[in-house]
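Novice: Read left to right, the sequence shown gives residues 578 to 948 (the working numbering). Glycine residues also receive a C-beta, built at the ideal position from the N, C-alpha and C atoms. Below is a structure I'd like to ask you about.
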Amino acid sequence: MRIKVIEVSSDTNIGGAGKCLLTLLDNFDYSKFEVKALIPRNSLLKPSIEKLGVQVIEVDGIADKSLDFTAIRELKKIFKREKPDIVHTHASMSARIAAKQSGAKVIYTRHSVFPPSKRISKGIGKAINGIINNHYADKIIAVAEAAKDNLTATGIKDDKIDVILNGVDGLLPVSADEERIIKKRFELPEGYKAVSIVARLEDIKGHDYFIEAADMLLRKGIKARFYIAGTGSYEAHLKETVKKLNRQEQIIFTGFISDIDKLMSITDVQANASFGTEATSLALLEGMSLGIPAVVSDFGGNPGVIKNGENGFVVPKQNARALAEKLEMLLTDENMYANMSEKAKQIFKEIFTASAMTKKTEALYIEMMRR
């Protein structure tokens, strides 16, 4: 008999957690698991989930929020009707409470890494947070060691937590003809290198430091274009910064790209400058599958993906000069680049594939049912 699982996401857009969910749904062994997905009504996840042949359950009251007491009642009705063995929530406390009260086993994935507030990491606040979260989850998945550290710092028991690193389906190299077309699309001149940062355009993602580092390298005559992919509330500020530097032709905003694999296919080096939240960057993993080394900040899950001196460099957060120095090394030292590129592909195949992530998640489900 197959194990019945309901995967729950409260996301209305497709972010990192949503992509992880889609990866799981695309790789599950459906001979062992009967899986349905529960999402907010009108979520952008719906077409992608249905395309995979997975049944979608839509519900009101959970859109982009963790806790809604009205939604708990509706979720309990759904879980009582569906009778899942396991409810795996991707951040929804409402679903965790409803699943627990309905008798299902509850797994919760912590997809983010950010410094916990003193309100829940000190004294009585930590104790209360620990009691609540320890009760409403039978197991918690942390997508990085740094995410586990965040959880234990807020009162959650160490033995409740399993670290399962994010994984992605690797990207395929493009042909020489395709590469020429893509370079033309992104206005990358012949003989120039491409450096990309793929992240939401928010203050804590560190784009200011990326832009400052790019300007330093351009002043030194480095033949490169610097691409900023994504959208967000910080976009206007960042564009104004680039305009003041008069670097609009060299530092390029791509906006949201549905086919981000195309930009990856012409990227030589990736950057990640986060300093406020970062778990396991899926963009870094996709780049590694193509042999793209990266320079990243020492924040959150970044050091768990990029091994300093092996498949890239780890530099102090909020330090544009250090970022520029290491980017320059990768852009100018061909032997170093070749070695790190090969190492990036090797580490990806060993640790960060979609198959590895899914098999570890499935093993956790089976372990939960054996208890």
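1. Should Ile834 and Tyr804 be called a contact, given that it needs their Cβ atoms to be closer than 7 Å?
2. Expressed to the nearest angstrom, what Euclidean distance is found between the alpha-carbon atoms of Gly680 and Ile674?
3. Does DSSP classify Ser874 as helix, strand or coil?
4. Indicate whether Phe610 and Ile591 have their beta-carbon atoms separated by less than 7 Å.
5. Across which residues does DSSP place Asp739 in a beta bridge pair?
6. Closest to Ser728 by CA distance: which of Ala648, Asn619, Pro693, Met841 is it?
7. Of all the alpha helix (DSSP H) runs that stay within the bounds of the region 612 to 638, which reach a length of 4 or more residues?
8. Count the other CB atoms within 10 Å of the CB of Phe646; is the residue buried (16 or more) or exposed (fewer)?
9. How many Å lie between Arg618 and Asp637 at the Cα?
10. Could you tell me which residues DSSP puts in a beta bridge with Asn885?
11. State the start and end residues of the unbroken beta strand (DSSP E) segment that holds Val585.
12. Applying the 10 Å Cβ sphere with the 16-neighbour rule, what's the burial state of Asn743?
13. Please report the Cβ distance between Lys926 and Gly868, rounded to the nearest whole angstrom; I am assuming they are in contact, meaning their Cβ atoms lie under 8 Å.
14. Alpha carbon to alpha carbon, what distance is there between Leu602 and Met578?
15. Check each candidate in Ile759, Asn879, Asp746, Phe876 and name the one with the smallest Cα separation from Ala933.
16. With three or more C-beta pairs closer than 8 Å as the rule, is the region 841 to 859 touching the region 807 to 821?
17. For Ala724, which of Ala640, Val690, Ala676 has the nearest alpha-carbon?
18. Drop a sphere of 10 angstroms on the beta-carbon of Pro624, count the other beta-carbons inside from all chains shown, and report buried for 16 or more, exposed for fewer.
19. Mark Asn912 as exposed unless 16 or more other C-beta atoms lie within 10 angstroms of its C-beta, in which case mark it buried.
20. With DSSP collapsed to three states, give me the class of Lys800.
21. Go through the region 681 to 709 residue by residue and report every complete run of the alpha helix (DSSP H) that reaches 4 residues or more, in order.
22. Under a three-way DSSP split, which group does Val751 fall into?
23. Could you check what DSSP says for Ala933 in three-state terms: helix, strand or coil?
24. Could you check if Gly889 is buried or exposed, using at least 16 other CB atoms within 10 Å of its CB as the buried criterion?
25. Helix, strand or coil for Ala806 per DSSP?
Specialist: In short:
1. Residue mapping note: residue 834 aligns to position 257 of the sequence shown, counting from 1. Residue mapping note: residue 804 aligns to position 227 of the sequence shown, counting from 1. Taking a C-beta distance under 7 Å as the contact criterion, Ile834 and Tyr804 do not qualify as a contact pair.
2. One-based indexing of the sequence shown puts residue 680 at position 103. One-based indexing of the sequence shown puts residue 674 at position 97. Gly680 and Ile674: Cα-Cα distance of roughly 10 Å.
3. Counted from its first residue, the sequence shown places residue 874 at position 297. Ser874 falls in the strand class under three-state DSSP.
4. As a first step, residue 610 must be located in the sequence shown, where it is residue number 33. As a first step, residue 591 must be located in the sequence shown, where it is residue number 14. No; because the gap between Cβ atoms is not below 7 Å, this pair is not in contact.
5. Position 162 of the sequence shown, counted from the start, is the residue given in the question as residue 739. Partner(s): Ile718.
6. Against the sequence shown, residue 728 aligns to sequence position 151. The question names Ser, yet the displayed sequence has Leu at residue 728. Taking only the C-alpha atoms, the option nearest Leu728 is Pro693.
7. 622 to 628
8. Along the sequence shown, read from residue 1 onward, the residue named residue 646 stands at position 69. Label assigned to Phe646: exposed.
9. Working through the sequence shown from its first residue, we reach residue 618 at position 41. Working through the sequence shown from its first residue, we reach residue 637 at position 60. For Arg618 and Asp637, the distance between alpha carbons rounds to 6 Å.
10. In the sequence shown, the residue the question calls residue 885 occupies position 308. The partner list for Asn885 (beta bridge, DSSP) reads Gly889.
11. Residue numbering aside, residue 585 sits at position 8 when the sequence shown is read from its first letter. Element bounds for Val585: 580 to 586.
12. As a first step, residue 743 must be located in the sequence shown, where it is residue number 166. With 16 or more Cβ atoms within 10 Å of its Cβ, Asn743 is classed as buried.
13. By 1-based counting over the sequence shown, the position of residue 926 is 349. By 1-based counting over the sequence shown, the position of residue 868 is 291. Rounded, the Cβ-Cβ distance is 11 Å, inconsistent with contact.
14. For the purposes of this step, residue 578 is taken as residue 1 along the sequence shown, with counting starting at 1. For the purposes of this step, residue 602 is taken as residue 25 along the sequence shown, with counting starting at 1. Computed Cα separation, rounded: 19 Å.
15. On the sequence shown, position 356 is the one that residue 933 refers to. In this structure, Asp746 is the residue among Ile759, Asn879, Asp746, Phe876 with its C-alpha nearest to the C-alpha of Ala933.
16. no
17. Mapped onto the sequence shown, residue 724 falls at position 147. Residue Val690 is the option with its Cα nearest to Ala724.
18. Here residue 624 corresponds to residue number 47 of the sequence shown, with the count starting at 1. Exposed, because fewer than 16 other Cβ atoms sit within 10 Å of the Cβ of Pro624.
19. Counted from its first residue, the sequence shown places residue 912 at position 335. Asn912 is exposed by the Cβ-count criterion.
20. For the purposes of this step, residue 800 is taken as residue 223 along the sequence shown, with counting starting at 1. Reduced to three states, the DSSP call for Lys800 is coil.
21. 695 to 698
22. As a first step, residue 751 is located in the sequence shown; it is residue number 174 there, counting from the start. If DSSP states are grouped into helix, strand and coil, Val751 belongs with coil.
23. If you number the sequence shown from 1, residue 933 lands on position 356. Of the three classes helix, strand and coil, the one that applies to Ala933 here is helix, per DSSP.
24. If you number the sequence shown from 1, residue 889 lands on position 312. So Gly889 counts as buried.
25. To locate residue 806, count along the sequence shown from 1; it is residue 229. Strand, per DSSP.
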